[in-house]
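2 protein chains.
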Amino acid sequence: MQNFHRDGICPIRDVLSRLGDKWSLLVLVSLQTNGVMRFGDLQRSIGDVSQRMLTVTLRTLEADGIVERKAYAEVPPRVEYRLTDRGRSLMPCLNGLVEWAQRHADGILENRK
Amino acid sequence: MQNFHRDGICPIRDVLSRLGDKWSLLVLVSLQTNGVMRFGDLQRSIGDVSQRMLTVTLRTLEADGIVERKAYAEVPPRVEYRLTDRGRSLMPCLNGLVEWAQRHADGILENRK
DNA sequence: CGGAATCCATATGGATACTG
DNA sequence: CAGTATCCATATGGATTCCG
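Respectively, the protein sequence lines represent chains U and R.
Heads up, my numbering is the position in the first sequence plus 3, with the first residue counted as 1.
Heads up, my numbering is the position in the second sequence plus 3, with the first residue counted as 1.
Here it is in structure tokens:
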């Protein structure tokens, strides 16, 4: 088998664990659907994410080059977020997983009982 | 956009957050590659997972019907793990993500600095 | 061999208050 | 508007010990 371990870090696990956190997927799907969004747009779109967690999530996605942040020097401030090329290249994989989850959600929840 | 929130639970987030934990992906890839495996096989294959975490991970995957556990009443005990049909149906999606992560790992790590 | 049980450290996430 | 800064609760994961 492929050796994902033992050589220090595991990029796969690293990437997956970031996307599997509580908010990243929601942010990415929302950006994919709506294109360019402001901070407040994202917060309303997701609905129940706190300001802090949305900021933390966006900073992480930005650090990984998956989301781009563009701030305008205006008052009141305006900040726009959008997917980068790398982010867009990720979405087909994510969409596949989302579809799988939707197809199997009922069965899985049933299974747990 | 699709409404992943507000209606109580979000099956997508639920499923994704489980797979994004520290060990599930490694277990699934290992089972996909090696077929039927015993507990000790899995532990050696992954390399640095503790007994406890491997147990916890396998129990969760089993509860979701992604992995099947078969115990034989022998001494010393023998327990086999394998992917279920549902688990196998998940692997193409996961493999897509793994490939994406491998292709972009260098760029992402570079980006973070 | 394949766990279960316990204890503990750290990581993750939420609530609240404040700010350029 | 789009954050930062604190503080705190819980979740996750590791080390160790014990067991059929």
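Ideal Cβ placement from N, Cα and C applies to all residues, glycine included.
Bridge partner(s) assigned by DSSP for residue i
| i | result |
| --- | --- |
| residue 81(R) | 75(R) |
| residue 70(U) | 86(U) |
Contact set between residue i and chain U, taken where Cβ atoms lie within less than 8 Å
| i | result |
| --- | --- |
| residue 86(R) | Those within 8 Å of residue 86(R) in chain U number zero; the least Cβ separation is about 14 Å. |
| residue 16(R) | 25, 28, 29 |
Partner residues on chain R for residue i, Cβ-Cβ distance less than 8 Å
| i | result |
| --- | --- |
| residue 54(U) | The premise fails here: residue 54(U) is roughly 16 Å from chain R at the closest Cβ pair, so nothing lies under 8 Å. |
| residue 110(U) | 68, 89 |
heavy atom of the ligand HEM below 7 Å from residue i C-beta
| i | result |
| --- | --- |
| residue 60(R) | The ligand HEM is not among the ligands present in this structure, which contains no ligands whatsoever. |
Proximal residues of chain U, C-beta to C-beta of residue i below 9 Å
| i | result |
| --- | --- |
| residue 46(R) | In chain order: nothing, as chain U lies at least about 11 Å away. |
| residue 115(R) | 66, 67, 68 |
| residue 57(R) | The premise fails here: residue 57(R) is roughly 13 Å from chain U at the closest Cβ pair, so nothing lies under 9 Å. |
Under 7 Å by beta carbon: chain R residues contacting residue i
| i | result |
| --- | --- |
| residue 101(U) | 15 |
Under 7 Å by beta carbon: chain U residues contacting residue i
| i | result |
| --- | --- |
| residue 93(R) | 103 |
9 Å Cβ cut-off: residues of chain R touching residue i
| i | result |
| --- | --- |
| residue 61(U) | Those within 9 Å of residue 61(U) in chain R number zero; the least Cβ separation is about 15 Å. |
Chain-ordered residues of the region 63-75 of chain U with a beta carbon less than 7 Å from chain R = 66, 67, 68
request  = Output the residue ranges of the alpha helix (DSSP H) runs that lie fully inside the region 9-40 of chain U and measure 4 residues or longer, sorted by chain position.
outcome  = 14-22, 27-37
ask   = Using 8 Å as the Cβ pair cut-off and three pairs as the minimum, do the region 49-68 of chain U and the region 102-110 of chain U touch?
value = No: the two stretches stay apart, fewer than three of their Cβ pairs being nearer than 8 Å.
query = Is there contact here, the region 80-96 of chain R with the region 34-46 of chain R, by at least three beta-carbon pairs under 8 Å?
reply = Contact holds: three or more Cβ-Cβ distances are below 8 Å.
message = Quick check: the region 15-28 of chain R against the region 49-56 of chain R, are at least 3 beta-carbon pairs closer than 8 Å?
response = yes
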